[in-house]
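Be aware that the sequence shown starts at 1, since it is given in the numbering used here, and climbs by one per residue. Built from N, CA and C at the ideal position, the CB exists for glycine as well. Beneath this line is the structure, given in C-alpha cells, with notes to follow.
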Amino acid sequence: MRSVRHLCATLLFCLPLTAVADDIQVAVASNFTAPMQKIAAAFARHTGHRAVLAFGATGKFYAQIHNGAPFDILLSADDSTPQRLENDGIGIAGSRFTYAIGTLVLWSPREGYVDPQGKVLSDRDFRHLAVANPKTAPYGAAAMATLDRMGQREKMRPRFVQGENIAQTHQFVASGNAELGFVALSQVIEDGRIGKGSGWVVPADQHTPIRQDALLLRHGEGNPAAQALLEYLRGETAKALIREYGYAVE
1 MRSVRHLCAT
11 LLFCLPLTAV
21 ADDIQVAVAS
31 NFTAPMQKIA
41 AAFARHTGHR
51 AVLAFGATGK
61 FYAQIHNGAP
71 FDILLSADDS
81 TPQRLENDGI
91 GIAGSRFTYA
101 IGTLVLWSPR
111 EGYVDPQGKV
121 LSDRDFRHLA
131 VANPKTAPYG
141 AAAMATLDRM
151 GQREKMRPRF
161 VQGENIAQTH
171 QFVASGNAEL
181 GFVALSQVIE
191 DGRIGKGSGW
201 VVPADQHTPI
211 RQDALLLRHG
221 EGNPAAQALL
231 EYLRGETAKA
241 LIREYGYAVE
C-alpha cells in the first residue's frame with residue numbers, strides 16, 4: 001500500500017504545470033455577452049482554466065481598471081480604450097488585437113415595425129428610441145454617428161431612452177419601454193439573421209467601424225491562463241462562434 005501511495009505522489013509531482021487550472025478575471029463589453037459565455041465554456045473544456053466574466057460598458061471598465069479593479073483581460077467594445085490603457089502603462093504593450101468587428105442594428109421586437117432601410121425613423125410616429133450612452137458605450141457612439149449622417153439626431157433627441165450599456169439598451173426595447181432602439185446585431189441574431197421582431201442592419205459606412213480589441217492588463221501579466229485565453233480567442237473555434245453572432249473577424 002505504501003508503495004502505491006508513493007507511486008501516486010510521484011506521478012502527481014511529475015505532472016506538467018500546464019495541468020494546473022487557473023482563473024482569469026475578464027472584463028467583457030456587454031454586446032459580447034452571449035458569444036463570450038460560449039467561448040469561455042469551450043475554453044474551460046479545452047484547457048481546464050476558468051474565465052470569470054464581468055459584463056458592462058467599456059467606458060465604465062476603463063474607470064474601474066484605472067482605480068485598481070483586478071481584471072486580467074479587457075475585451076473592449078472599441079479599439080481606442082485598450083490603446084489608452086496601453087498608453088497609460090496599465091495594458092501590456094504588444095498584446096492588443098481586434099477580436100471582433102461589431103454590427104449595429106435598429107431593432108424592434110414587433111414584426112414588420114422596422115423596415116430594411118431604416119425609414120421608420122422618419123415615417124413612424126413613435127415615442128421612445130433606445131440608445132446606449134455614447135460617452136461610455138461604443139455602440140451608443142455609433143448610433144449617434146448614424147443619426148447624424150441621417151440628419152435625425154436633433155429630431156430624435158426628445159425621444160431618447162438612454163441605456164448605461166448596450167445590454168440595458170436592448171432590455172429597454174425587448175421589454176417594450178421603447179418601441180425600437182439601436183442595439184448590437186449579436187443580441188438579436190438567430191441562425192444568421194435577425195430572429196424575433198424586425199430590424200435594419202446599419203451599413204458600415206454610416207459610422208466609424210466598431211473594432212473591438214482585446215488587451216492583456218498588467219494584473220494578468222503573470223497569469224499563463226490569461227495568455228492562453230487570448231490565444232484561444234485568435235483560434236478557429238472561437239472565431240467560428242464569433243461569426244455565428246454576426247461579427248466579422250480579421
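Comparing alpha carbon positions, the residue from S95, A54, Y245 and A214 closest to D191 is Y245. If you look at R149, you'll find it in the alpha helix (DSSP H) that goes P138 to M150. Under the three-state reduction of DSSP, R211 is assigned to strand.
Where Q162 is concerned, the enclosing beta strand (DSSP E) starts and stops at F160 to G163.
D213 is not a Cβ neighbour of D123, given a cutoff of 8 Å. When C-alpha distances from L53 are compared across Q25, G102, V161 and K155, the shortest belongs to Q25. If you ignore the 5 residues before and after A27, its C-beta comes within less than 6 Å of the C-beta of A54, F61, F71 and L74, all in its own chain and listed in chain order.
In the three-state scheme derived from DSSP, where H, G and I count as helix and E and B as strand, D23 is classed as strand.
For G59, the enclosing alpha helix (DSSP H) covers residues T58 to H66. G59 and T169 have their C-alpha atoms roughly 15 Å apart. Within a 10 Å sphere around the beta-carbon of S186 sit 16 or more other beta-carbons, which makes this residue buried. N87 counts as exposed, since fewer than 16 other C-beta atoms from the protein chains shown sit within 10 angstroms of its C-beta. With a contact defined as Cβ atoms closer than 8 Å, Q117 and W200 qualify at about 6 Å. Around the Cβ of R211, a 10 Å sphere holds 16 or more other Cβ atoms; the residue is buried. In the DSSP assignment, the residues bridged to A100 are Q212. The way I'd put it, the region 92-99 doesn't touch the region 153-164; fewer than three beta-carbon pairs between them come closer than 8 Å.
Secondary structure note for A226: it is in no beta strand (DSSP E), and the uninterrupted alpha helix (DSSP H) holding it is P224 to R234.
For the options L180, R45 and V202, the alpha carbon positioned closest to that of L229 is the one of R45. Taken through DSSP and simplified to helix, strand or coil, A69 comes out as coil.
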